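K.L.:
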Amino acid sequence: MAKKRAIRPTRKQKELLKLNRLVPENWLVVNEQDGMLNIINKTTQKVRSVKTMLK
Numbered sequence: 001m002a003k004k005r006a007i008r009p010t011r012k013q014k015e016l017l018k019l020n021r022l023v024p025e026n027w028l029v030v031n032e033q034d035g036m037l038n039i040i041n042k043t044t045q046k047v048r049s050v051k052t053m054l055k
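Mapped onto full-length UniProt numbering, the consecutive letters of the sequence shown carry residue numbers 1 to 55.
1. Within its chain, find whatever has a CB closer than 8 Å to the CB of isoleucine 7; leave out the 5 residues flanking it on each side and keep chain order.
2. So if DSSP puts arginine 11 in a beta bridge, which residue, or which two residues, is it bridged to?
3. When we look at the beta-carbon of leucine 19 and count the other beta-carbons within 10 Å, is it buried (16 or more) or exposed?
4. Going by the beta-carbon positions, is the gap between valine 50 and leucine 37 smaller than 7 Å?
5. Since threonine 52 and glutamate 32 are thought to touch, with beta carbons under 8 Å apart, how far apart are those beta carbons, to the nearest angstrom?
Have a look at this one:
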């Protein structure tokens, strides 16, 4: 099975990245599921997960 292509974050996803002290222009979204946003850095290819549900 092939990997899913990473896409640019939406406006709400950008706001979420900013809340987590990340620069949205440097990150691409791989997928969003189970309250987690999986992102990959454009230059370093480092993968991170960010919680989407705030308590």
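For every residue, glycine included, the Cβ atom is placed at its ideal position computed from N, Cα and C.
Predicted, not measured: the structure shown is a model, and the values here were computed from it.
P.N.:
With the given structure in hand:
1. Translated into the one-based positions of the sequence shown, residue 7 becomes position 7. The residues Leu28 and Val29, in chain order, have a CB closer than 8 Å to that of isoleucine 7 in the same chain once the five nearest residues on each side in sequence are set aside.
2. Here residue 11 refers to the residue found at position 11 of the sequence shown. None, per the DSSP bridge assignment.
3. Residue 19 sits at position 19 when you count from the first residue of the sequence shown. Note on leucine 19: under 16 other CB atoms within 10 angstroms of its CB, so exposed under the neighbour-count rule.
4. What you label residue 50 is simply residue 50 of the sequence shown in a count that begins at 1. What you label residue 37 is simply residue 37 of the sequence shown in a count that begins at 1. In this structure, leucine 37 lies closer than 7 Å to valine 50 by Cβ.
5. Indexing the sequence shown from 1 puts residue 52 at position 52. Indexing the sequence shown from 1 puts residue 32 at position 32. Under the criterion of beta carbons closer than 8 Å, threonine 52 and glutamate 32 qualify as touching, at roughly 7 Å.
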